[in-house]
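Visitor: I'd like to ask you about the structure that follows.
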Amino acid sequence: MVNRQRGEVILEVRGEHHVLCLTLGALAEIETLTGAGDMTEIGPKLAGLDANGMLALLSILLRAGGNTVDARQLAITPANAAKAIAQAFEAAAQ
0 MVNRQRGEVI
10 LEVRGEHHVL
20 CLTLGALAEI
30 ETLTGAGDMT
40 EIGPKLAGLD
50 ANGMLALLSI
60 LLRAGGNTVD
70 ARQLAITPAN
80 AAKAIAQAFE
90 AAAQ
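All residue numbers in the sequence shown are consecutive under numbering that gives the first Met the number 0, ending with 93.
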């Protein structure tokens with residue numbers, strides 16, 4: 000079960016549910032990952048992420064959601080990873 004007030008979303012991979020969440024701590028990790036100087040730079044930096052960057056970003060959101068699984072362990076398509084990441088950012092903005 001997700002806590003929508005916290006901005007949690009579900010990522011389903013092979014029938015298993017994983018919670019993603021964009022917390023303040025996750026946001027700080029994402030700034031470091033992307034080299035963003037502030038939050039206004041994050042969007043453009045995320046648009047240029049390579050596959051390793053996307054896996055790192057997904058791992059950050061998984062950890063913030065309370066998961067111990069690393070994104071590299073999941074058999075997830077790039078499209079589904081991008082969709083889950085976008086949903087986590089959208090949920091945090093509400």
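We put the CB at the ideal spot given by N, CA and C, even for glycine.
In the DSSP assignment, what residue or residues form a beta bridge with residue 9?
Guide: Note: residue 9 sits in a beta bridge opposite 18.
Visitor: Quick one: Cα of residue 73 to Cα of residue 12, how far?
Guide: 7 Å
Visitor: Would you call the region 55-69 and the region 27-40 in contact, with 3 or more CB pairs under 8 Å?
Guide: Touching, yes, given that three or more Cβ pairs across the two stretches are closer than 8 Å.
Visitor: For residue 15 and residue 3, I'd like the C-alpha separation in whole angstroms.
Guide: 19 Å
Visitor: Looking at the structure shown, is residue 93 part of a helix, part of a strand, or coil, going by DSSP?
Guide: coil
Visitor: DSSP three-state label for residue 75, please.
Guide: It is coil, neither helix nor strand.
Visitor: With DSSP collapsed to three states, give me the class of residue 67.
Guide: coil
Visitor: Between which two residues does the alpha helix (DSSP H) holding residue 46 run?
Guide: 41-46
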